Every structure is written in C-alpha cells, then in structure tokens.
Amino acid sequence: QVQLVESGGGLVQAGDSLRLSCVASGRTFSKYRMAWFRQAPGKERDIVAVISRTGSADSADSVKGRFTISRDNTKNTVYLQMNNLKPEDTAVYYCAATEGAGKYDYWGQGTRVTVSS
C-alpha cells in the first residue's frame, strides 16, 4: 500500500507557471511507475504525464513542451512542472502510482489548478 498526497495547486493567470508535488509514503517509492492525471469540470479523467521507475517520461500531446514530469526517489516525490498555463489546463490534478504495467492502483486526493484568462 502507498499513500499519495498532492500539493501545489492554486489560482493563476494564463502564461504563469506552477509546480505540483506528490509525496508518497508506505512501500518503496522507486518500485512504482508514477503519473499525473487531470479531470476538468464535466469531463473524464485524462492522463497528463507518466514517468517510469527509471525516469523515462512521456506526456500528452496537449501539454508537450509546457509540462514536465520528474521524480526524486530520495524524497519519495514526483513533480509536475507546468509552464505557460492556459485556461484549458483548469482541472483537478491527481497523482497515481502502479507497480505493474496496467491500471493505476493508488491515487491521491487531488489538487485544484485554476487558470484565468
């Protein structure tokens, strides 16, 4: 079992930056593939970015070049650096973890990001 706690959300203006953090507790953090998802009002939850146990990262086309996922296994933390934020990035952002290659088993409570135009 692993517990995930996100932080770093807030209200910003278009073009601003935010860095989200997700701290994991419980079992060995380095064993998990980590991801950030987001859910905008009235929409389904979508994946934003993923990072493997070894640090290989990928992101959705909608955020490529603006968002960067990273992890620090010494701090049990995964980050999402978000630059040049747009109003369409407004959503609740969730951190998730999985030990396997399939669905994500563990989720944080979410942190809200609101981008005003």
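Heads up: the sequence shown runs through residues -5 to 111, numbered per this note's numbering.
Think of the CB as a built atom: it goes at the ideal place given N, C-alpha and C, for glycine as much as any other residue.
Please read these numbers as outputs of a predicted model, since none were measured by experiment.
Exercise for the section: Answer yes or no: do N77 and F23 have a C-beta to C-beta separation smaller than 7 Å? Expected result: no
Exercise for the section: Could you tell me the distance, in whole angstroms, from the CA atom of A34 to the CA atom of A90? Expected result: So the alpha carbons of these two residues sit roughly 17 Å apart.
Exercise for the section: Look up D52 in the DSSP assignment and say whether it is helix, strand or coil. Expected result: Of the three classes helix, strand and coil, the one that applies to D52 here is strand, per DSSP.
Practice task
Measure the beta-carbon distance from Y100 to F31 and round it to whole angstroms, keeping in mind my assumption that it falls under 8 Å.
Solution key: 12 Å between Cβ atoms; not a contact.
Exercise for the section: Can you say whether D83 is buried or exposed, counting buried as having 16 or more other CB atoms within 10 angstroms of its CB? Expected result: buried
Exercise for the section: On a CA-only basis, which of Q75, V107, S111, R65 is nearest A18? Give me that one, please. Expected result: Closest option to A18, Cα to Cα, is R65.
Practice task
Would you give the residue range spanned by the beta strand (DSSP E) that V(-1) belongs to?
Solution key: -4 to 1
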